[in-house]
Structures are given as structure tokens and as C-alpha cells.
Amino acid sequence: EIVVARKHASTPIGLTCSRLTGPLAQAGWVGVVVDEIAPRSLAAQNGAMYVGDALLSVEGQAAIDIPTMAAALRGVEGGVRFGVLCTTSSQLALHPPHVVET
Numbered sequence: 125e126i127v128v129a130r131k132h133a134s135t136p137i138g139l140t141c142s143r144l145t146g147p148l149a150q151a152g153w154v155g156v157v158v159d160e161i162a163p164r165s166l167a168a169q170n171g172a173m174y175v176g177d178a179l180l181s182v183e184g185q186a187a188i189d190i191p192t193m194a195a196a197l198r199g200v201e202g203g204v205r206f207g208v209l210c211t212t213s214s215q216l217a218l219h220p221p222h223v224v225e226t
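Okay, so the sequence shown: first residue is 125 according to the numbering used here, each after it adds one.
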């Protein structure tokens, strides 16, 4: 799980996503994939999400498609919780995945 801090519900997270396809979808995973992280966005500042990550849930709700994900994000302030499946070898090498020491 990755938590992205957000003070106001109207502040964009900064992710561009598309429907999960390919081997992960064929293996039965359901979610969306991160296609782009906007520079200086909340997601970029967090530093724990990467292009290629599969987002499986948002605020405990399955991220079955973009509209469902957007609906789950509406009105959430404080910390937005994402269930993430990391997919890149550089992330998988981190212990645990997604933990970046600063």
C-alpha cells in the first residue's frame, strides 16, 4: 500500500492511467496501470509510485477501471491509499518494494 498525502480533495494526484492489459490482465489481475506521473504532482512528490505500476485499489475499492478509480478519489483528503503491484525490476529490488530511503 502507498499513501499519497493530499490536504484538499480538489488537489489532483497527478497520475495518468489506463486499463491494465497484457500478461497481468491475462493472469487475472484487475486494475489500472500508471502511464504517466505529472512532474511536481502529489504522486511525484511522494516518490513511491512509478510508471508501469498496477493500481489494484484506491481507498479499499477495487480499481477496476478509470471511472471507478476517479469515483474512489473524490472527496478524499489527508492520505489517499493505493493498493499497488510494482512491476519494474528496479522497484522489485527495493526491500520492501517501493521503499525509497532519502
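Note that beta-carbon positions come from the ideal geometry of N, C-alpha and C, so glycine has one too.
Original post:
Can you tell me the Cα-Cα spacing of Gly99 and Gly176, whole angstroms?
Top reply: Since the displayed the chain opens at 125 and closes at 226, residue 99 lies outside it and no answer follows.
Practice problem: Would you identify the three-state DSSP class for Gly184, choosing helix, strand or coil? | Solution: Three-state result, Gly184: coil.
| task | Please look up how many angstroms separate the CB atoms of Val208 and Leu197, rounded, as I've assumed it's under 8 Å. | result | No, Val208 and Leu197 are not in contact; Cβ-Cβ is about 15 Å, not under 8 Å.
query: Below 8 Å, can you find three or more Cβ-Cβ pairs linking the stretch 173-191 to the stretch 155-162?
result: Two segments are said to touch when three or more pairs of C-beta atoms, one from each, lie closer than 8 Å; by this definition the stretch 173-191 touches the stretch 155-162.
**Prompt:** How close, in whole Å, do the beta carbons of Gly138 and Ala162 come, if the pair is a contact with beta carbons under 8 Å?
**Reply:** 4 Å
Item to complete: Would you identify the three-state DSSP class for Thr140, choosing helix, strand or coil?
Response: strand
Check: Which whole-angstrom value is the C-beta distance of Ser142 and Asp159, which I expect to be below 8 Å?
Finding: That belief holds up - the Cβ atoms of Ser142 and Asp159 are roughly 5 Å apart, short of 8 Å.
*Among Leu179, Thr192, Pro191, which one has its Cα closest to the Cα of Leu148?*
Leu179
- Query: Mind checking Ala172: buried by the 16 CB within 10 Å criterion, or exposed?
  - Reply: buried
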